[in-house]
Amino acid sequence: MFRVILLAVTLFFAGLSYGEETGQPLPAAQAFKFSTTMEADNQLVLHWDIGADYYLYRDKLQFSTQPAAALNANAIVLPEGHKKHDEVRGNYVVYTGLLTIPLTLQSVSQDTDTVKVDVKYQGCSIKGFCYPPVTEHVTVNVGQHAVCYRTSASLSETCVNKLLGTQHYWSIILGFLGLGLLLAFTPCVLPMIPILSGIIVGQGKKISTRKSFFLSLAYVSGLALAYAGAGMAVALAGGSIQAELQKPWMIELFSALFVLLSLSLFGWYELRLPNKMQGWLIKHSNKQKGGTYVGVFLMGAISTLIVSPCVSAPLVGVLGYIANTGDIVLGGAALLALGVGMGIPILIVGTSAGKFLPKTGAWMDVIKQLFGLMMLGLAVWMLARVWPARIIIILWAFLAIFAAMLLWRFRASHRHWRKVNQALGIAFLAYGLILLAGSWLGNTNPWAPLDGVSKKLVSRKSDFILIKNMQDFENQLLRAKQKNKAVILDFYADWCTSCIIMDRNVFDKGDVKRALQKYVLLRADVTQNNEFDKALMKRFNVIAPPTILFFDVNSKEIPQQHIVGEASATEFLANLRRVQFNLCTEDVRYC
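Numbering (this note's numbering), first residue to last: 1275 to 1865.
The structure is reproduced here in structure tokens:
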């Protein structure tokens, strides 16, 4: 009697253990309980209460807003999380327990303070099954007094319009002075520093700080006045010119201009005025007491061609305001302040150039080629707005390879610098080749050209028949029934690490392949999580892959034999033997 009770207890706990290992996972809403709270200073706080046996991927968190400018994605700070490693993903970071992430929002529309926030996340269970990506939609109202910010690409055009709309004259001037200071540190403004430095150090060894200052002031004045004058002239020409400047052919034209300018910096041709005009300018310039102030002023005015791509959003904002109100004076003053702000760091560098910068020499050629590469980069960046992403990543690849060629061609005077050049050249060459490989694989992100390659390389392509719609699934079941064969249906996804591991470590094993020869193997690839994927998963109460279902020779599901989560080859074969035992009563071929 004691043995019977002991056997019953053992079987009971074994059944509990089996149920835990093969039981259904929690729905995503229960595994990752999501909620939000709105706090002061327009801060939307995101909360996740993550189940005990579950985790969220750090690199799968994505945040976006409508309008897009309402969120500064670069300012989001994610918690450190826990480091993990597996054979598919390598090293990665996950979150467990309670997770809180604050998002700072701002009002960017004059019509409404409503901001729509999309939060995307994805997670898995420690038992092996993974969930499709989840998107939460949140709508919030933000205050009117949000602070303008600068993104890595440009300043918010709407923010500029709001600043002008305040009608406080001095606050507008100071605001645009600050915007100019921010713009001074963008890649487009940096080429002006070696231009001015070359002018100043070319004056000779005995140039004073005072003269350096006034030469720099002349340069910055030419920049600021030309910028303000050009903006006012465009405003007078009418608001329609803004739309013209955004047309694809105009963007392509300006990109071509940057390419031509870069070629002159690489020494392919010399960009200079006709001899007669150049002689006239030199003659009249020499009559000035300072000798070069007029020329430096003109050089500063010409430099507006260089900085124009970096100030497109403020310019459009100012011109839009002027077109609507006709206040040309205020618009011109704002543009002038913007130019002065951009010129302040240049003025500081130029004033000290006589003492701290090296004299003219080979280093200037290096600087010219560096900024030539920057101009080519700007051309590609502009074309990215109108050309296909697949072409843009190829252009970035060629640019990286070209940079590698320039680095290898340059012969530094010191052997340590030669080694640095060679190392950088190898790095750029490798990056360019990786970009080309990424393009060939269909990727378009230059920052992650090989994203998902490991998954593509290991994803299974062999024995399983991929079903693409419900009718296809029904037809496959009917064919299997006519052949008197049982069916295995595997739910798989590229983002499911356990699915990829099972493809490699289970379905590719010789003994597993031999055992599966009696079955019709079907696969539902739910990577895209489209309507068919959702309908099929709902039909069989599948919450997440990997999940494997078994059907008998009459195409009837065998629910007690489901495999949910990652299983080893040994566990899979043991489960398959139980399925075969059930099938044996119907057909002796499965005994």
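The beta carbon of each residue, even a glycine, is placed where N, CA and C say it ideally should be.
According to the DSSP assignment, E1748 belongs to the alpha helix (DSSP H) that extends over M1744 to Q1756.
DSSP lists L1318 as the beta-bridge partner residues of M1312. Each residue's CA atom was taken as its position, placing F1488 and V1654 some 36 Å apart.
For L1373, the CB contacts under 6 Å within the same chain, skipping 5 residues up- and downstream, are W1322 in chain order. In this structure, the alpha-carbon of T1413 lies about 13 Å from that of Q1380. Out of V1827, L1823, L1857 and N1828, the CA that lies nearest to the CA of F1846 is found in L1823. Judged by their CB atoms, M1573 and G1454 are not nearer to each other than the 8 Å cut-off. Proximity to N1415 across L1612, Q1396, S1490 and T1388 peaks at T1388, based on C-alpha coordinates. Of the residues G1569, S1445, F1528 and L1456, the one whose Cα lies closest to the Cα of Y1493 is G1569. Cβ-Cβ distances below 8 Å link V1853 to A1760, F1824, I1832 and Q1835 in the same chain, with the five nearest sequence neighbours on each side left out; the list follows chain order.
Here N1415 is bridged, per DSSP, to T1388. Sixteen is the threshold: when 16 or more other Cβ atoms of the shown chains lie within 10 Å of the Cβ of W1670, as they do, the residue is buried. For Q1834, no alpha helix (DSSP H) encloses it, and the DSSP letter there is neither H nor E. Rounded to whole angstroms, the gap between the alpha carbons of K1757 and L1790 is 15 Å. Residue pairing by DSSP places D1799 opposite Y1766 in a beta bridge. Cβ-Cβ distances below 7 Å link L1703 to I1675 and A1678 in the same chain, with the five nearest sequence neighbours on each side left out; the list follows chain order.
Beta bridge pairing from DSSP links K1759 with no other residue. Here N1804 is exposed. Its C-beta has fewer than 16 other C-beta atoms within 10 Å. The alpha carbon of D1315 has as its nearest neighbour, out of T1378, K1307, G1371 and A1611, the alpha carbon of T1378.
With fewer than 16 other beta carbons inside 10 angstroms of its own, T1844 counts as exposed. Taking the C-beta atoms as reference points, P1819 is found nearer than 8 Å to F1403.
Counting only residues of its own chain and dropping the five nearest sequence neighbours on each side, C1773 has a CB closer than 7 Å to the CB of Y1766, A1767, P1819 and P1820. Using a Cβ distance threshold of 8 Å, Y1366 and Y1328 do not count as a contacting pair.
Contact holds between the stretch 1346-1362 and the stretch 1774-1784, because three or more Cβ pairs, one in each stretch, are under 8 Å apart. For N1779, the secondary structure class from DSSP, reduced to helix, strand or coil, is helix. Under the three-state reduction of DSSP output, K1394 falls in the strand class. Distances from the alpha-carbon of I1375 to those of K1358, P1353, V1391 and Y1395 put P1353 closest.
The alpha-carbon separation between S1713 and Q1317 amounts to approximately 39 Å. Counting the other CB atoms within 10 Å of its CB gives G1449 a total of 16 or more, which places it among the buried residues. Here Q1396 is buried. Its C-beta has 16 or more other C-beta atoms within 10 Å. If you look at Q1304, you'll find it in the alpha helix (DSSP H) that goes A1302 to A1305. By the Cβ-count criterion, F1781 is buried, with 16 or more other Cβ atoms from all chains shown falling within 10 Å of its own Cβ. The continuous alpha helix (DSSP H) containing K1787 extends over residues G1784 to A1789. At a Cβ-Cβ threshold of 8 Å, W1769 and T1718 do not count as neighbours. Listed in chain order, the non-local C-beta contacts of I1350 below 6 Å within the same chain number zero, local neighbours out to five positions each way being set aside. If you ignore the 5 residues before and after L1650, its C-beta comes within less than 6 Å of the C-beta of S1536 and L1673, all in its own chain and listed in chain order.
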